[in-house]
Structure formats: structure tokens, C-alpha cells
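Protein chains in written order, with our numbering: chain D, 46 to 235; chain A, 46 to 235.
Here a beta-carbon is modelled for each residue, glycine too, at the ideal position from N, C-alpha and C.
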DNA sequence: CCTTGGCTATCTATCGATAGACAGGAAAAA
DNA sequence: TTTTTCCTGTCTATCGATAGATAGCCAAGG
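See the structure below:
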């Protein structure tokens, strides 16, 4: 089967996502990417004129995919604890996939080197996640104040990202599991 | 006053630490560093033969300085809550210093590109911090099980690092404060 | 005199980006 | 229907900038 334009674009984005999750935005190279996909670097520039365009597209796609997945979960009327289980599993999956990180998490660490277009997408990812967590918390604790739940949502998002960062840094996924267990034991998350 | 050998070495390390905290290990450049210090890049190579040597020295120094500071705090017999206040303030200070991150935190995100010598130093930083947190937790809750406190120590370290990462990514130090507040409210930390 | 510690100059590798050629197919003109 | 034109998408080749690293020179000071 011949490769269509969309095939190549998607292949670039797939390879790019994996590369960023493993090595960060700065280490993303048009040449390496082209080699992975089986084209020349100039062709990658054809699809994504600048590196910033590619980075922004990757972050946006990452957010959109994640958002759709989260919405789907929420629509299935699971209990908050079950929702959190699945949420935690998403970030765990990145680690178990060759010690990778959340794409927007690793980009956050490189913030100062990101083109503006990429930054806004990274912010958007955080906003989407925090908003989803807030909705889960409202289900779990309808009586709590809005401010408290909002803070909790940010805190859970940050805590999970931090557990991922530490576990990755020490190359020990057990640290992720232990952190999550402690978050739960303390009642930070449902 | 003439600059001694040690002066230059220290100046390189000081500038290097700031650069890594702002842009990460990968963005650390011998040329930029040399320009900051007022020497030539070859001179930096004289003091630190390879980039890995410099990175490892920076991480080690960072850990040693932090460790000494933490030991000093612990020796002053503060209450656990006061100790945590000060601990939290350390990581907050990095953020308020031009949106920087913990040196070893940002290096954790770049793990795959770190020379082995740097990795071990990054691991050491995490180990030192977790060990210190465990000691604080033992003071706060002498009756809790060792396993539970150990998990909590890892979790607190991860949670604070995550709060720093998210706040940096969104360029909003308020997210750090809100996260810490929620950690405390949930009882994750004293 | 000889070690120390900086310098100049340069090397190789790689980066993002661009220019220009060209193949192939669709669309338009004959 | 046949021919011509044009666009799409990839290619080769190359640009200037910058990376880390090295060789060799030279001045200062014990």
C-alpha cells in the first residue's frame, strides 16, 4: 500500500512524540526523525515548516488525545476511585514504556527554550488535566468548597507528574507506585 | 584582587548551576559559560575536561550544599511542621529566582542524555532528600510503620518536585503554593 | 627552568533551515 | 482523447551557527 501524505505526517508525529517523551523537545532532531520515518529531513520541514510548528502540533495532539480519553472515561460513570486508578495508570504507562515521560511534563522542564506556540499548548495540557480532576473531585466530595477542590486538583496533577519525574530520574518505577500509594493513604486523591 | 584558580572554578560552577537550573543540562554550553565567567571555552575545559565532569561536579556540589543546609536545620530542633515549612521554601526559592528549577529535578527530565557519572549524582540527590524527609517524619509520627513513612518521604519529595515542575511550566508560582497547601490540607506532609 | 593556567586557532559533528531539481498525478486546454 | 500546465511532495545539496573537544603557544611565578 502506498504511503499517503497523511501517513507520513502521522508517522512523523508518532516518532516525534516518542522522541520527545524520551529525550525532550531540545533533543528532537529533524534528521533523526526523518531517519526514523524513512524520508529526508527536508520532507519533514515540508510538513512542519519549523521545529516550533512540529512541537506545537505534538503537544496539541497529545492534549487532544488525552482529553478525548479522559472524557470517555468520565462518560462511563465510574466511581471516583476507579477514575483515579485509570488516571494514575496513564502516567504509569509512559514510565513502563521505556522510561518515558508525559510529553508536556518533559516540555515544562525545558520551558525557557520553547517557542511561544509550544508553551501555550503545554499550558493547555495542564489546564485540561486540572479541569478533569476537578470534575472527578466534585463527584467524590460534592460538599467541599470550590477553592479547596481546585487546589486539590492542581495538587494531584502536580503530585503525579512529580512521581513520574522522580521515578524516571531514579529509573525505578517502584518509586512511582510508592508515591501514589502514599498520596492515597494520605487522602490526597480518591 | 587577582582571580585565583579556585575563583575561576567557583565562578564556572556558579554560572553553570544557574544555567542548568534555567535551561537544563543539554543547554549547558562551554562557550556561553566561558562568556559569563569572562574566560575562553578552552579554559573551562581545563577545569572540567568533559561536559560530563562539569555536570557531575555541579550535581554533587548541589547535593552537598543542600545536604549541609538540611542537616543544619535538623540540628536546630525545630518542630516537624517548621522543618517542612523551610524545606518547601527551598524549592520555592528556585522558582522565584527567575523561574528556575531544582538542578537535579531538571536533570531527571533529561536522564537519557546524561553521562553515567551525572546520573549517579542525581540519584544521590534524591536519596539524600528522601532520607532527610524520613527523619522528619519519624519525629512527627514515631508510631507509624517504617514502610509507611518511607513511602511518605518519597511521596513528599516527588510531590514538591512536581509542584515545582507544574508551576514552572505554567510560569505561575501560585500553582506551587496551592499545591503545597493542598498537600498539607490532605495530611501528606506535616 | 619548568609547571601552571590561561590563550588562539581549529577540528569534526550536528543543528535547523533553505534553494532548487524533479517525479507523478490531477486539472485544464486543445 | 490527447496534450499541456500546474501543483504536490520528496529529493539532493548546502547554508551559517553552534556544539564539545583538542593541539600548541605563551606569560607568570615558584
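Tell me whether residue 134 of chain A is buried or exposed, calling it buried when 16 or more other Cβ atoms sit within 10 Å of its Cβ.
exposed
Return no unless some Cβ of chain A is closer than 8 Å to the Cβ of residue 153 of chain D.
yes
What are the boundary residues of the alpha helix (DSSP H) that residue 95 of chain D is part of?
No alpha helix (DSSP H) holds residue 95 of chain D; DSSP gives it neither H nor E.
For the region 163 to 174 of chain A, which residues have a CB atom closer than 7 Å to at least one CB atom of chain D, in sequence order?
167, 168, 171
Counting only runs that start and end within the region 103 to 169 of chain D, where is the alpha helix (DSSP H) found for 4 or more residues in a row?
125 to 141, 148 to 154
Residue from D:148, D:160, D:111, D:223 with nearest C-alpha to residue 177 of chain D
D:111
So the alpha helix (DSSP H) residue 208 of chain A belongs to, where does it begin and stop?
191 to 214
For residue 56 of chain A and residue 89 of chain A, believed in contact at Cβ under 8 Å, the rounded distance
About 10 Å separates the two Cβ atoms, so there is no contact after all.
Cα separation between residue 129 of chain D and residue 115 of chain D?
11 Å
Contact check, residue 166 of chain A vs residue 69 of chain A under 8 Å by CB: the rounded distance?
Not really, about 15 Å apart at Cβ, beyond 8 Å.
Is it right to say residue 206 of chain A is buried, meaning 16 or more other beta carbons lie within 10 angstroms of its own, or is it exposed?
buried
With the cut-off set at 8 Å, would you say residue 173 of chain D and residue 125 of chain D are in Cβ contact?
no
Kindly give me the distance between the Cβ atoms of residue 233 of chain D and residue 201 of chain D, rounded to whole angstroms, as I take these residues to be in contact under 8 Å.
6 Å
Assign residue 219 of chain D to one of three DSSP states: helix, strand, or coil.
helix
Span of the alpha helix (DSSP H) around residue 77 of chain A:
75 to 82
Spatial neighbours of residue 164 of chain A within its chain, please: C-beta separation below 8 Å, excluding the five flanking residues on both sides.
156
Within 8 Å of chain D by C-beta, residues of the region 68 to 84 of chain A in sequence order
68, 69, 71, 72
Less than 8 Å between CB atoms is the rule here; does residue 130 of chain A satisfy it with respect to chain D?
no
I'd like to know whether the C-beta of residue 196 of chain A is nearer than 8 Å to at least one C-beta of chain D.
yes
Residues near residue 185 of chain A in its chain [Cβ-Cβ closer than 6 Å; skip 5 each side]
125, 235
Under the rule that 16 or more other beta-carbon atoms within 10 Å means buried, what is residue 196 of chain D, buried or exposed?
buried
From residue 224 of chain D to residue 91 of chain D, what distance separates their C-alpha atoms?
44 Å
Taking 8 Å as the CB-CB cut-off, is residue 223 of chain D touching chain A?
yes
By alpha-carbon positions, which one of D:100, D:221, D:211 ends up nearest to residue 71 of chain D?
D:100
Could you tell me the alpha carbon to alpha carbon distance between residue 107 of chain A and residue 148 of chain A, rounded to whole angstroms?
7 Å
Give every residue of the same chain whose Cβ lies closer than 6 Å to the Cβ of residue 64 of chain A, excluding the five residues on either side of it in the sequence, and list them in chain order.
73
Cβ neighbours of residue 175 of chain D in the same chain (closer than 7 Å, five flanking residues each side left out)
198, 199, 202
Who are the neighbours of residue 205 of chain D on chain A, taking C-beta pairs under 8 Å?
207
For residue 138 of chain A, would you say it is in contact with chain D, using Cβ-to-Cβ distances shorter than 8 Å as the test?
no
Can you list the residues of chain D that residue 214 of chain A reaches, using a CB-CB cut of under 7 Å?
153, 156, 167, 171
If you measure between the beta carbons of residue 214 of chain A and residue 86 of chain D, is that distance less than 8 Å?
no
Is the Cβ-Cβ distance between residue 231 of chain D and residue 102 of chain A less than 8 Å?
no
Using a Cβ-Cβ distance under 8 Å, would residue 62 of chain A count as near chain D?
no
Taking the Cβ atom as the reference point for each residue, do residue 150 of chain D and residue 210 of chain A lie within a distance shorter than 8 Å?
yes
When DSSP labels each residue in this structure, what does residue 238 of chain D get in the three-state scheme?
In the structure displayed, chain D extends from 46 to 235; residue 238 of chain D sits before or after that span and is not available.
Determine the direct distance from the alpha carbon of residue 168 of chain A to that of residue 191 of chain A, and round the result to whole angstroms.
21 Å
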